[in-house]
Amino acid sequence: MRNTLLVARRELGGYFATPVAVVFIVIFLALQGVLTFNLGAFFERNQADLQPFFNFLPWVFLLLVPAITMRLWAEERRLGTIELLLTLPLTRGQAVAGKFLAAWAFCAIALALTFPFVITVNVLGSPDNGVIASGYVGGLLVAGAFLAVGSAVSAATKNQVIAFVLGVAVCFVFAAASYPLVTDFLSRNAPELATIARRISVAERYQGFVRGVVGLRDLIFFASFIGFWLFLTTVIVDHRKAD
Amino acid sequence: MTSSDSLQDGAPQGGAPQGDAPLIEIAGLSKRFGSFTAVDKVSFTVARGEVLGFLGPNGAGKSTTMRMLSGFMTPTSGTARICGHDVQTDAVAARRSLGYLPEGAPCYPEMTVLGFLHFVAAVRGFSGAEVERRVDHALDLATLRGVRLQPIETLSKGFKRRVGLAQALLHNPPVLILDEPTDGLDPNQKHEVRTLISGMAAEKAIVISTHILEEVEAVCTRAVVIASGRVVADETPAALAKRHPSGRLEEAFRQITRPENRGAENIGLETMGAA
Chain A
1 MRNTLLVARR ELGGYFATPV AVVFIVIFLA LQGVLTFNLG AFFERNQADL
51 QPFFNFLPWV FLLLVPAITM RLWAEERRLG TIELLLTLPL TRGQAVAGKF
101 LAAWAFCAIA LALTFPFVIT VNVLGSPDNG VIASGYVGGL LVAGAFLAVG
151 SAVSAATKNQ VIAFVLGVAV CFVFAAASYP LVTDFLSRNA PELATIARRI
201 SVAERYQGFV RGVVGLRDLI FFASFIGFWL FLTTVIVDHR KAD
Chain B
244 MTSSDSLQDG APQGGAPQGD APLIEIAGLS KRFGSFTAVD KVSFTVARGE
294 VLGFLGPNGA GKSTTMRMLS GFMTPTSGTA RICGHDVQTD AVAARRSLGY
344 LPEGAPCYPE MTVLGFLHFV AAVRGFSGAE VERRVDHALD LATLRGVRLQ
394 PIETLSKGFK RRVGLAQALL HNPPVLILDE PTDGLDPNQK HEVRTLISGM
444 AAEKAIVIST HILEEVEAVC TRAVVIASGR VVADETPAAL AKRHPSGRLE
494 EAFRQITRPE NRGAENIGLE TMGAA
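Keeping their order, the protein sequence lines are chains A and B. So the first sequence is numbered by the working numbering: it starts at 1 and just counts up by one. So the second sequence is numbered by the working numbering: it starts at 244 and just counts up by one.
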């Protein structure tokens with residue numbers, strides 16, 4: 001655990017030592033602002049909640065999270081520092097978990113900086129802050145799920161562009177799996193798959209949190225989803241580290 | 244440059260065997276990339292007090308062998324042990340006893356020298372005042388004190404190399420594997436690093452790869468020459484030099500590693516092994 005946190009702290013420090021952190025946070029906040037207030041018609045709805053904010057959140061993460069994860073392993077490989085990191089007395093699992101935690105903590109910081117939305121809605125009305133809190137928990141879990149996917153993709157390639165594009169693509173599959181576009185197609189052609197698609201959909205699970213329901217099954221889903229992709233990352237890193 | 248006596252055995256070294264057991268044991272180590280054999284059944288051992296110079300033309304398999312020895316690259320076949328710990332099956336224990344400078348001395352560019360060494364010290368299991376003491380000592384060993392607050396990306400090639408060296412020496416490991424430790428250093432710095440290595444030699448098993456043959460004569464007690472992935476010579480630098488009539492190591496190296504001579508050398512190796 002100590003080693004995991006050491007790796008995480010070093011990695012997180014790396015984000016803030018470069019413009020990556022500032023650019024990411026500014027773009028994230030700007031996108032969320034524009035989408036919530038303009039497209040989401042936050043004011044016109046005349047309701048004291050953050051529904052538009054949370055509806056757009058997974059899609060913004062879908063675009064931005066792979067931008068964080070694309071460098072997670074691909075950059076280590078390009079710089080050769082992967083050889084240094086993996087010959088320190090750490091297990092592969094500690095290195096993988098440490099890097100993931102750093103990226104997740106970074107997303108948590110970005111998410112925390114959306115606090116003006118919460119203040120705004122509280123000034124204008126009296127929203128159910130419990131629902132807002134559970135929405136934030138859900139948002140953080142979606143970010144974690146996408147980060148875990150992105151970390152596996154990043155471990156598989158040295159090229160950051162490939163890591164980004166593949167990361168978006170794979171995350172999109174899990175985000176869109178429950179949308180009518182996909183489920184209708186599947187129910188027509190392969191009804192068994194439609195049920196599965198709904199089950200593994202990150203967006204579907206997230207909806208519960210947005211409605212204010214923190215379900216144990218959804219928590220278990222996110223934990224296993226993240227665990228599975230991190231395990232896969234460990235296997236890929238171990239297999240491809242020296243390529 | 245000072246000797247590292249004061250910090251001897253403070254590091255968690257994971258039960259290094261005492262006595263005559265070799266600290267580094269490589270047996271039948273091979274690495275194939277597809278149909279290309281980069282390293283072909285390399286075997287040797289290095290005991291405490293030995294400084295092994297690992298020589299060979301570019302692409303001969305030096306770095307590949309060192310990567311397998313450090314546990315970074317998985318061998319196709321064969322085993323490597325550091326202080327009795329298999330680098331594949333008992334990897335973390337093996338890496339605890341190892342100080343490793345990878346090829347090109349990679350470091351995190353955005354970190355300061357001090358921040359980087361603190362990170363390595365913490366991962367090496369030190370805490371509190373011990374971290375400060377270790378980092379301080381490593382800064383002195385590699386003469387990095389003047390640049391300790393600079394980001395590594397702003398340093399010259401020679402300084403970067405020394406940051407890599409400081410990182411490898413920080414925990415005073417019983418085994419050192421240094422891939423081209425003097426590459427990119429100026430003559431004064433080269434001399435300092437050689438003095439440093441000679442000063443530590445008695446208590447460690449050290450493997451260095453280099454293209455500078457005078458370095459081998461200056462610091463190494465043994466020279467292993469590798470060509471096309473095979474060990475073609477393993478003897479003292481003086482004995483190696485005598486292989487050529489001129490008595491010069493450079494001529495001997497050229498004679499052994501030139502492709503057209505290699506067939507003859509394999510016969511030479513067999514007689515040498517019998518002796």
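Glycine included, each C-beta is placed from N, C-alpha and C at the ideal position.
7 Å Cβ cut-off: residues of chain B touching residue i
i, result
"R10 (chain A)", "F362"
"N3 (chain A)", "V366"
"A242 (chain A)", "R310, F315, M316"
"G14 (chain A)", "Y351, E353"
Residues near residue i in its chain [Cβ-Cβ closer than 8 Å; skip 5 each side]
i, result
"Q32 (chain A)", "F53, F56, L57, V60, T114, F117"
"P19 (chain A)", "none"
"E375 (chain B)", "none"
"E396 (chain B)", "P352, E353"
"D329 (chain B)", "T322, A323, A337"
"G490 (chain B)", "A484"
"T514 (chain B)", "Residue placement at T514 (chain B) is poorly supported in this model, since its pLDDT is 40, which falls under 50; the coordinates still yield a value, given next. Taken in chain order, the list of residues that qualify is empty."
Strand pairing of residue i, partner residues [DSSP]
i, result
"D329 (chain B)", "B:R324"
"G342 (chain B)", "B:L419"
"P216 (chain B)", "In this structure chain B extends from 244 to 518, so residue 216 (chain B) is not present and cannot be described."
"P394 (chain B)", "B:T355"
"S273 (chain B)", "B:S320"
"L298 (chain B)", "B:V468"
"D477 (chain B)", "B:V467"
"F287 (chain B)", "B:I269"
"S452 (chain B)", "B:F297, B:D422"
"F42 (chain A)", "According to DSSP, F42 (chain A) bridges with nothing at all."
"T280 (chain B)", "B:R275"
Own chain, CB closer than 7 Å to residue i, minus 5 neighbours either side, in chain order
i, result
"L232 (chain A)", "A152"
"A517 (chain B)", "Only weak support exists for where A517 (chain B) lies, its pLDDT of 38 falling under 50; the value from the coordinates is given anyway. Same-chain partners within the cutoff: there are none."
"G304 (chain B)", "A281, V282, I469, G472"
"L392 (chain B)", "T355, L357"
"A175 (chain A)", "P58, L62, V202, A203"
"K158 (chain A)", "A74, R77, R78"
"I510 (chain B)", "Interpretation of I510 (chain B) is limited by its pLDDT of 43, a score under 50 that renders its predicted location unreliable; no figure is taken from the coordinates."
"G135 (chain A)", "L50, F54, F209, V210"
CB-CB length for residue i against residue j, believed under 8 Å
i, j, result
"G80 (chain A)", "V131 (chain A)", "Actually they do not touch by this definition, with Cβ atoms about 48 Å apart."
"Y343 (chain B)", "S313 (chain B)", "5 Å"
"A148 (chain A)", "I82 (chain A)", "Actually they are not in contact, since the Cβ atoms of A148 (chain A) and I82 (chain A) sit about 19 Å apart, beyond 8 Å."
"T425 (chain B)", "T453 (chain B)", "7 Å"
"P349 (chain B)", "L29 (chain A)", "Not really, about 34 Å apart at Cβ, beyond 8 Å."
"G292 (chain B)", "A445 (chain B)", "6 Å"
"R198 (chain A)", "A177 (chain A)", "7 Å"
"L266 (chain B)", "V418 (chain B)", "5 Å"
"L101 (chain A)", "N3 (chain A)", "Not confirmed; about 12 Å, so no contact."
"L72 (chain A)", "A103 (chain A)", "6 Å"
Closer than 8 Å at the beta carbon, the chain B residues around residue i
i, result
"A17 (chain A)", "E353, M354, P394"
Closer than 7 Å: residue i CB and nearest the ligand MG heavy atom
i, result
"I440 (chain B)", "This structure does not include the ligand MG; it has no bound ligands of any sort."
Closer than 7 Å at the beta carbon, the chain A residues around residue i
i, result
"R388 (chain B)", "Under the 7 Å cutoff, chain A gives no residues; its nearest Cβ is about 22 Å from R388 (chain B)."
"R338 (chain B)", "T87, L88, P89"
"V335 (chain B)", "P89, T91"
Residue i: contacting residues in chain B (beta-carbon distance under 9 Å)
i, result
"L6 (chain A)", "F362, A365, V366"
"G135 (chain A)", "Simply none; closest approach about 34 Å."
Residues near residue i by beta carbon distance below 6 Å, same chain, minus five either side
i, result
"G427 (chain B)", "K400, G401, R404"
"R275 (chain B)", "T319"
"L141 (chain A)", "F222"
"E268 (chain B)", "T288, R324"
"E458 (chain B)", "none"
"R437 (chain B)", "A461, V462"
8 Å Cβ cutoff, residue i in contact with chain E
i, result
"G407 (chain B)", "Going by chain labels, chain E is absent from the structure shown, which instead holds the protein chains A and B."
Q.
Please list, in chain order, the residues of the stretch 311-326 of chain B that have any C-beta partner in chain A closer than 7 Å.
A. Hits within the stretch, in order: S313, G314, F315, M316.
Q: Check distances from the C-beta atoms of the stretch 340-355 of chain B to those of chain A and list, in chain order, the residues that come in under 8 Å.
A: Under the 8 Å Cβ criterion, the stretch 340-355 of chain B contributes L341, Y343, P345, E346, G347, P349, C350, Y351, P352, E353, M354.
Q.
Please list, in chain order, the residues of the stretch 78-92 of chain A that have any C-beta partner in chain B closer than 7 Å.
A. The stretch 78-92 of chain A vs chain B, Cβ under 7 Å: L79, G80, T81, E83, L84, L86, T87, L88, P89, L90, T91.
Q: Using a Cβ-Cβ cut-off of less than 7 Å, give me the residues of the stretch 94-106 of chain A that come near chain B, in sequence order.
A: Listed by position, the residues of the stretch 94-106 of chain A near chain B (Cβ gap below 7 Å) amount to none.
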